[in-house]
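With the first letter of the sequence shown counted as 1, position 53 gets the number 53 in full-length UniProt numbering; the numbers rise by one all the way through. Worksheet: one structure, shown below.
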Amino acid sequence: MFEIFQIHLSMSTIDPSSSPITTVVATTKDENAAAIAASSCIRKVGRPKSPIHAEFEWSPKFGDLKCDQAKCKHCGWRGAYSKQNMDRHWKNCLQRPREDLHALEARRRFLSTVPKRLTSTERSLGLAKVPDWKIVEGRDAIYRRFEFKDFSEAWGFMSRAALAAEQINHHPEWFNVYNRVEVTLSTHDCDGLSQNDINLATKLDEFAIGLKSQHDI
Numbered sequence: 001m002f003e004i005f006q007i008h009l010s011m012s013t014i015d016p017s018s019s020p021i022t023t024v025v026a027t028t029k030d031e032n033a034a035a036i037a038a039s040s041c042i043r044k045v046g047r048p049k050s051p052i053h054a055e056f057e058w059s060p061k062f063g064d065l066k067c068d069q070a071k072c073k074h075c076g077w078r079g080a081y082s083k084q085n086m087d088r089h090w091k092n093c094l095q096r097p098r099e100d101l102h103a104l105e106a107r108r109r110f111l112s113t114v115p116k117r118l119t120s121t122e123r124s125l126g127l128a129k130v131p132d133w134k135i136v137e138g139r140d141a142i143y144r145r146f147e148f149k150d151f152s153e154a155w156g157f158m159s160r161a162a163l164a165a166e167q168i169n170h171h172p173e174w175f176n177v178y179n180r181v182e183v184t185l186s187t188h189d190c191d192g193l194s195q196n197d198i199n200l201a202t203k204l205d206e207f208a209i210g211l212k213s214q215h216d217i
């Protein structure tokens, strides 16, 4: 059994006055069904084409999603990268006052810079990297006492520590008497230990070794 398909070919490029030519192609139903089944198995490649979609960032196969992911550049919304999802979100996004979007963006940027308190697993892994530091009793902080050969060496250590602290905008609590420097690290923004404390403790250990310090913990 055959199905008849009509294909109209414009011949205007050859003769503008000529009428379209109709070509008749015959295919069996089985062949037609096989072609449709084969095409449905092919994953379509490419992103939806629309001026709206320029307002979204794109990342392939994000996380556990089985499809690509879109992220709105204005409010941070994330979802499956499809024309339906993105068009629907964009209509909602346009209904928000622009000042609200600016406030959301400012808050998101601020929160991205705020240190996060370490989880129990992260805490254990972090402390394993700085074994010479001790937990402060009754407080989520770490402490170490450094001893140097004289005040000049202790001052050199503190100067290098101050520069490192300024670079990461994270400042230690310390106490200095002659050749002894006592340092306590904790993050006030999260009221406990953060990755910044572990990073700075590692730096201070490196500085002390570089100065060939003799310390007593």
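We put the CB at the ideal spot given by N, CA and C, even for glycine. If you're wondering where the values come from, they're calculated on a predicted model, not measured in any experiment.
One question on the structure: do R139 and L204 come within less than 9 Å of each other, judged by their Cβ atoms?
no
Do the segment 117-124 and the segment 179-199 touch if we need at least three Cβ pairs shorter than 8 Å?
yes
So A201 and F157 are in contact, right, with Cβ under 8 Å, and what is the actual spacing, rounded?
Their Cβ separation, rounded to whole angstroms, is 14 Å, which puts A201 and F157 out of contact at 8 Å.
Report the option in E153, S124, D150 and F146 whose CA atom is closest to the CA atom of W174.
F146
What runs of the alpha helix (DSSP H), each 4 residues or longer, lie entirely inside the segment 111-184?
120-129 and 151-168
Closer than 6 Å by C-beta to E153: which residues in its own chain qualify, once you throw out the five before and the five after it? Chain order, please.
L211
Within the same chain, show all residues whose beta-carbon is closer than 8 Å to that of I142, passing over the 5 residues directly before and after it, in chain order.
L127, V130, W133, K134, I135, V136, T184, L185, S186, L193, D197 and A201
Is the separation between the beta-carbon of F148 and that of N169 shorter than 9 Å?
no
In whole angstroms, give me the CA-to-CA distance for P79 and E206.
At residue 79 the sequence reads Gly, which differs from the Pro that was named. Between G79 and E206, the C-alpha separation is close to 44 Å.
Return the bridge partner residues of T187 from the DSSP annotation.
G192
Tell me the rounded alpha-carbon separation between A161 and N176.
13 Å
Close beta carbons around N199, own chain, < 6 Å, minus the five adjacent residues each side
none
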